[in-house]
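Worksheet for the structure shown next.
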Amino acid sequence: MNSRQPLQLHQLDWQEQLAKAFTNATDLLNFLNLSQDHTQSSKPASREFAMRIPLSYAECMKKGNPDDPLLRQVLPTADELKFFPGFLSDPVGDLDAAKSTGVIQKYHGRVLLITTGGCAINCRYCFRRNFPYSEFQMSKSKQAEAISYIKTNSDINEVILSGGDPLLLNDARLGLLFDELSKISHVKRIRIHSRIPIVLPSRITHQLLDILTRVPQQIIMVLHCNHTNEISPAVMTACSKLKQNHIHLFNQAVLLKGINDNARQICQLSEKLFANSIIPYYLHLLDKATGTGHFEVGEQQALTIMKEVKATLPGYLVPKLAREKPGASSKSVLFF
Ligand SMILES: *Cc1c(COP(=O)(O)O)cnc(C)c1O
Ligand code: SF4
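To convert a position in the sequence shown, counted from 1, into our numbering, add 15.
Put into structure tokens, the structure is as follows:
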């Protein structure tokens, strides 16, 4: 990794860039001019949940800053091994639901398809860190089952592709899935939940845009961006291509301690997203997954932040503060 010039890396396609992502702390910290002891990076933590950071994301970090808000989202640290009461391995209860077919229907009119267990980046605060990935790859037969479930349930008007990150699928797989969905007339919208336009913007290729726009359905993309520093010029270009292709763009963020847990950052994030035609949608309270307790922002503090955000921004730039509650008929919105 170190021996390669970033310039050359940028000429690689997205899959090659992914294959060359940072997977150990030493390489990353060298790249950032940081020493091991500055950051409490932890090998045991990375054995629990592998480190994975594309160069395009690492380049958005400020060199020499051990507290960089992007670095802290993705560097394995000893804090992950601490015990926090109330933190579980599957806090939202999706594991069982997803196992059999990859289809999760919790809410009216829309289903969520788990297309792949993988992501382009491994965020340390993610509930997915505790999942056995292999069980989540959507095989051809599972995909056929999922499609037939959607076909026979005519009240499903929106299909949400989730994961993992659905844009990690190659164009051939994604193309097949979109072809199938395009033939189901009661499906009016296809929504993609993806962090890839933010962390690996080179994925937004002409071929991908072709796949996304050749279906009759409206396409919605819900991005996942937590901090203004994540919105690089390359990310802006990728989002503008999506927008030019009539894809509706929203953002969901997670409220994270020491990363974006203040009204100023949440306001700036909303402003910068909107400047790039992205509408702030949800601000999630952390799902209480084992290994993520040190990222938690309490509900009271979250509400205080949101009051200040609401007093500062026009209503359409205020994200809904939400929490996932197992068994509920929608996300629980605590503030909007
Ligand atoms: C979050 C989620 C959705 C989407 O909810 P919206 O409020 O429509 O964004 C749908 N299905 C499941 C299972 C979810 O977890
Ligand atoms: S699902 Fe989202 S939050 Fe979790 S690791 Fe993947 S990109 Fe990060």
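Backbone N, C-alpha and C fix where the C-beta goes; we use that ideal spot for every residue, glycine too.
No experiment lies behind these values; they were computed from the predicted model shown.
Please go through the same chain and pick out, in chain order, the residues whose beta-carbon is closer than 8 Å to the beta-carbon of Asn387, but skip the five residues on each side of it.
Residue numbering for the chain in the displayed model covers 16 to 351; residue 387 lies beyond these limits and cannot be assessed.
Below 7 Å, is the gap between the Cβ of Leu127 and the nearest heavy atom of ligand 1?
yes
So, for Leu184: in the same chain, excluding its five sequence neighbours on each side, which residues have a beta-carbon less than 7 Å away from its beta-carbon?
Thr130 and Thr131
Which first and last residues belong to the beta strand (DSSP E) in which His208 is found?
Arg204 to Ser209
When the Cα atoms are used, what is the spatial distance from Pro100 to Ser255?
43 Å
Residue range of the alpha helix (DSSP H) that Lys325 falls in?
Glu314 to Thr327
Within the same chain, show all residues whose beta-carbon is closer than 6 Å to that of Gln30, passing over the 5 residues directly before and after it, in chain order.
none
Going by alpha carbons, who is nearest to Ile64 out of Lys77, Leu257 and Arg139?
For clarity, residue 64 is Phe in the given sequence; the question names Ile instead. Looking at the Cα atoms, Arg139 is the closest of the given residues.
For Ser209, does the count of other Cβ atoms within 10 angstroms reach 16, so buried, or fall short, so exposed?
buried
Pro212 vs Leu257 beta-carbon contact at 8 Å:
yes
Asp105 Cβ short of 7 Å to ligand 2 heavy atom set:
no
Between Val174 and Leu223, is the Cβ-Cβ spacing less than 8 Å?
no
What does the alpha-carbon distance come out to for the pair Lys287 and Leu189?
30 Å
Cβ of Ile226 versus every heavy atom of ligand 1: is any distance shorter than 7 Å?
no
Pairs of beta-carbons, one from the segment 304–312 and one from the segment 325–332, closer than 8 Å: are there three or more?
no
Using 7 Å as the cut-off, classify the Cβ of Ser156 as near or not near the heavy atoms of ligand 1, replying yes or no.
no
Return helix, strand or coil for Phe193, following the three-state DSSP convention.
helix
Alpha-carbon to alpha-carbon, Ala159 and Leu318
43 Å
In three-state terms, what does DSSP make of Tyr164?
helix
Check whether the Cβ of Lys346 lies closer than 7 Å to any heavy atom of ligand 1, and answer yes or no.
yes
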